[in-house]
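Here's the structure we're looking at; comments come further down.
Chains as they are written, first to last, in our numbering: chain A, 1 to 79; chain B, 1 to 450.
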């Protein structure tokens with residue numbers, strides 16, 4: 001999963017809330033993974049594939065650029 | 001003074017702004033598309049943010065990405081360079097709303113000058129001579145009627161135009177329907193609006209422009225003229241300052257008129273007033289470009305000023321530190337725009353530069369972001385370098401340019417260098433005897449091509 005926009009990466013919906021996802025979680029297509037704040041707007045990023053989160057590349061609150069890697073997701077096998 | 005500036009551009013002009021910032025002790029943020037990852041502006045800026053895929057509409061024209069990049073890096077001001085968002089009143093407005101200083105004029109002045117027809121009317125009102133012309137043309141009948149009043153030949157021009165697009169020369173009423181339609185189509189495709197107007201067409205014109213600087217304290221000064229008559233398809237190839245056609249008295253008189261008009265408008269920042277000179281050396285207002293120009297270095301060479309630094313200092317609230325009326329022009333400067341293109345057909349030539357050797361020596365300046373092994377992407381402007389020379393007079397400047405062109409070695413792509421060598425060697429060019437059709441002698445360059 002790469003960032004589609006320039007902005008600030010947030011792993012959680014609110015400052016003290018638990019993160020949307022962490023390594024080892026299984027995610028579904030359309031599940032919210034993080035928020036990228038750009039121009040005061042909170043943009044929720046959704047998973048494009050179903051599978052297991054194997055890596056989170058960025059820290060909460062970190063600025064990210066276009067195309068920067070955010071998550072690695074191992075796709076679950078299709079039935 | 002600003003601590004950090006974001007440069008919302010690419011190529012040589014992004015690098016030019018970064019140079020000015022470095023000398024002023026200001027940190028810089030480069031923005032880049034995926035096609036420009038290995039560009040020099042990315043390398044020499046203090047920070048760099050990738051803002052999108054290669055296509056300009058998704059990167060260098062993407063307002064949200066650029067503002068966001070400024071916010072995440074803590075930049076205080078944005079320098080737009082030329083092209084892209086440099087003359088977007090909307091972008092200037094969004095910068096202001098986001099508490100970022102847009103290095104350029106106020107949004108309302110940008111939008112006045114961006115509407116070529118409204119700008120012309122306002123300048124006429126403020127005492128500048130203008131070419132006879134029409135309002136926006138509502139119909140073919142209106143076009144024919146207005147053309148009759150103005151007198152053929154007339155030029156159909158895009159109201160939101162620039163860069164030679166959306167322009168057609170109409171010699172007779174029979175040609176009007178076709179060229180009106182093609183100009184409207186091109187205007188709609190290039191500028192998002194099909195609005196066009198008519199203007200008297202000067203058969204053998206010269207392009208003269210005046211450089212101005214205005215500060216936020218109500219003062220505007222001019223820095224003399226540049227002659228930009230050597231063009232192909234309405235795009236400049238060679239520029240020089242001073243012009244052989246402007247004497248000291250004319251420079252002072254026209255410069256004074258321009259300064260008075262722009263003080264009235266509340267002009268701030270660097271800008272260029274473009275004028276057309278007819279066969280009898282009468283000057284008429286054509287349009288104003290509300291940004292730094294590609295050819296600004298020729299003015300820097302003859303005035304000794306750094307115009308990009310001046311833009312930044314003015315945006316930070318500084319005063320224009322001299323009096324334009326007493327500013328002398330020293331020697332003669334010429335610029336050649338080196339473009340990646342086929343020298344016969346002028347078709348763009350993108351690709352990998354295999355050899356890149358810049359000329360140097362006394363009085364030679366090269367502004368470029370190209371280097372050996374660099375790739376000229378097909379997505380953007382074909383300008384790859386500006387070669388500028390300064391000499392004690394025009395004769396020395398021409399011979400210096402000739403030898404500098406000879407010593408400019410670029411391999412892997414075709415460039416405009418061969419055409420520019422021919423121009424420098426041409427007896428009419430050397431005598432100062434040319435008009436905007438000059439290049440026809442070297443290549444077929446149909447005015448109404450495409």
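All C-beta atoms, glycine included, are put in the ideal place defined by N, C-alpha and C.
How big is the Cα-Cα spacing for residue i and residue j?
i: residue 126 of chain B; j: residue 357 of chain B; result: 48 Å
i: residue 107 of chain B; j: residue 56 of chain B; result: 22 Å
i: residue 302 of chain B; j: residue 330 of chain B; result: 5 Å
i: residue 246 of chain B; j: residue 282 of chain B; result: 11 Å
i: residue 232 of chain B; j: residue 179 of chain B; result: 19 Å
i: residue 32 of chain B; j: residue 350 of chain B; result: 18 Å
i: residue 21 of chain A; j: residue 31 of chain A; result: 9 Å
i: residue 393 of chain B; j: residue 431 of chain B; result: 13 Å
i: residue 77 of chain B; j: residue 11 of chain B; result: 19 Å
i: residue 383 of chain B; j: residue 339 of chain B; result: 4 Å
i: residue 449 of chain B; j: residue 166 of chain B; result: Note that residue 449 of chain B scores 38 on pLDDT, short of 50, meaning its location in the model is unreliable; the coordinates nonetheless yield the value given after this. Answer to the nearest angstrom: the Cα atoms are 12 Å apart.
i: residue 266 of chain B; j: residue 289 of chain B; result: 15 Å
i: residue 81 of chain A; j: residue 62 of chain B; result: Here chain A has residues from 1 to 79 only, and residue 81 of chain A is not among them.
i: residue 88 of chain A; j: residue 54 of chain A; result: Nothing can be reported for residue 88 of chain A, as the shown portion of chain A is limited to 1 through 79.
i: residue 415 of chain B; j: residue 13 of chain A; result: 53 Å
i: residue 300 of chain B; j: residue 74 of chain A; result: 57 Å
i: residue 10 of chain A; j: residue 389 of chain B; result: 52 Å
i: residue 98 of chain B; j: residue 67 of chain B; result: 8 Å
i: residue 96 of chain B; j: residue 8 of chain B; result: 15 Å
i: residue 205 of chain B; j: residue 153 of chain B; result: 13 Å
i: residue 18 of chain B; j: residue 209 of chain B; result: 26 Å
i: residue 23 of chain B; j: residue 183 of chain B; result: 44 Å
i: residue 447 of chain B; j: residue 168 of chain B; result: Since pLDDT at residue 447 of chain B reaches only 40, below the 50 mark, its modelled position is unreliable, and the value read off the structure follows with that caveat. Near 8 Å, if we compare the C-alpha coordinates of residue 168 of chain B and residue 447 of chain B.
i: residue 336 of chain B; j: residue 229 of chain B; result: 12 Å
i: residue 43 of chain B; j: residue 14 of chain B; result: 11 Å
i: residue 79 of chain A; j: residue 41 of chain B; result: Bear in mind that a pLDDT of 47 at residue 79 of chain A, under 50, signals an unreliable position, so the number given afterwards is only what the model happens to contain. Between residue 79 of chain A and residue 41 of chain B, the C-alpha separation is close to 49 Å.
Hey, could you find the ends of the beta strand (DSSP E) residue i is sitting in?
i: residue 75 of chain A; result: 71-75
i: residue 33 of chain B; result: 27-33
i: residue 117 of chain B; result: Per DSSP, residue 117 of chain B belongs to no beta strand (DSSP E); it is in the alpha helix (DSSP H), 116-125.
i: residue 35 of chain A; result: 32-38
i: residue 46 of chain A; result: 41-46
i: residue 133 of chain B; result: 133-136
i: residue 6 of chain B; result: 4-7
i: residue 14 of chain A; result: Premise fails: residue 14 of chain A is in no beta strand (DSSP E) and is neither H nor E.
i: residue 505 of chain B; result: Summary: the structure shown does not reach residue 505 of chain B, with chain B confined to residues 1 through 450, and so no result is reported for it.
i: residue 411 of chain B; result: 409-411
When every heavy atom of the ligand NAP is checked, does at least one fall within less than 7 Å of the C-beta of residue i?
i: residue 51 of chain A; result: Here there are no bound small molecules, and the ligand NAP is not part of this structure.
Could you pull the start and end residues of the alpha helix (DSSP H) that residue i belongs to?
i: residue 431 of chain B; result: 427-431
i: residue 404 of chain B; result: 394-406
i: residue 5 of chain A; result: Run containing residue 5 of chain A: none; DSSP gives neither H nor E here.
i: residue 251 of chain B; result: 248-265
i: residue 56 of chain A; result: Where residue 56 of chain A is concerned, there is no enclosing alpha helix (DSSP H), although the beta strand (DSSP E) it sits in stretches over 51-56.
i: residue 307 of chain B; result: 307-315
Please work out which residues of its chain come closer than 7 Å, Cβ to Cβ, to residue i, disregarding the five sequence neighbours upstream and downstream, and give them in chain order.
i: residue 118 of chain B; result: 112
i: residue 44 of chain A; result: 32, 35
i: residue 307 of chain B; result: 270, 292, 296, 299, 300
i: residue 17 of chain A; result: none
Would you mind telling me which residues of chain A sit closer than 9 Å to residue i, beta carbon to beta carbon, in chain order?
i: residue 320 of chain B; result: Chain A residues near residue 320 of chain B: none, gap ~34 Å exceeds 9 Å.
i: residue 34 of chain B; result: 66, 67
Quick one: what's got a C-beta closer than 6 Å to residue i's C-beta in the same chain, skipping five residues either side?
i: residue 134 of chain B; result: 146, 197, 198
i: residue 124 of chain B; result: 130
i: residue 428 of chain B; result: 434
i: residue 138 of chain B; result: none
i: residue 160 of chain B; result: 191, 193
i: residue 187 of chain B; result: 158, 166, 194, 196
So residue i contacts chain B; which residues on that side make the cut at Cβ distance below 8 Å?
i: residue 65 of chain A; result: 49, 50, 51, 69
i: residue 39 of chain A; result: 64, 67, 68, 71, 98
i: residue 5 of chain A; result: 64, 65, 68
Using a C-beta to C-beta distance shorter than 9 Å, which residues of chain B count as neighbours of residue i?
i: residue 8 of chain A; result: 68, 71, 72
Counting only the same chain and skipping the five closest in sequence on each side, list residues whose C-beta sits under 8 Å from that of residue i.
i: residue 72 of chain B; result: 49
i: residue 46 of chain A; result: 29, 30, 31, 32, 33
i: residue 5 of chain B; result: 17, 21, 26, 27, 28, 29, 75, 76, 77, 78, 79, 103, 312
Review point. At what residue ranges does the region 192-240 of chain B contain a whole run of the beta strand (DSSP E), taking only runs of 3 or more?
Key: Taking 3 residues as the shortest admissible run, the region 192-240 of chain B contains the following complete beta strand (DSSP E) segments, listed from N- to C-terminal end: 196-200, 206-214, 220-232.
Practice item. Can you check the region 272-300 of chain B for any beta strand (DSSP E) of at least 3 residues that lies completely inside it and give the ranges in chain order? Key: Counting only runs of 3 or more, we get 283-289.
Exercise for review: Ignoring anything shorter than 3 residues or poking outside the region 139-175 of chain B, list the beta strand (DSSP E) runs there in chain order.
Suggested key: Counting whole runs of 3 or more residues, the region 139-175 of chain B contains the beta strand (DSSP E) stretches 154-162, 165-170.
Practice item. Output the residue ranges of the beta strand (DSSP E) runs that lie fully inside the region 16-95 of chain B and measure 3 residues or longer, sorted by chain position. Key: Runs found: 27-33, 47-52, 77-79.
Review point. Which ranges would you report for the alpha helix (DSSP H) in the region 352-389 of chain B if only whole runs of at least 4 residues count?
Key: Scanning the region 352-389 of chain B for uninterrupted alpha helix (DSSP H) segments of 4 residues or longer gives nothing; none is fully contained.
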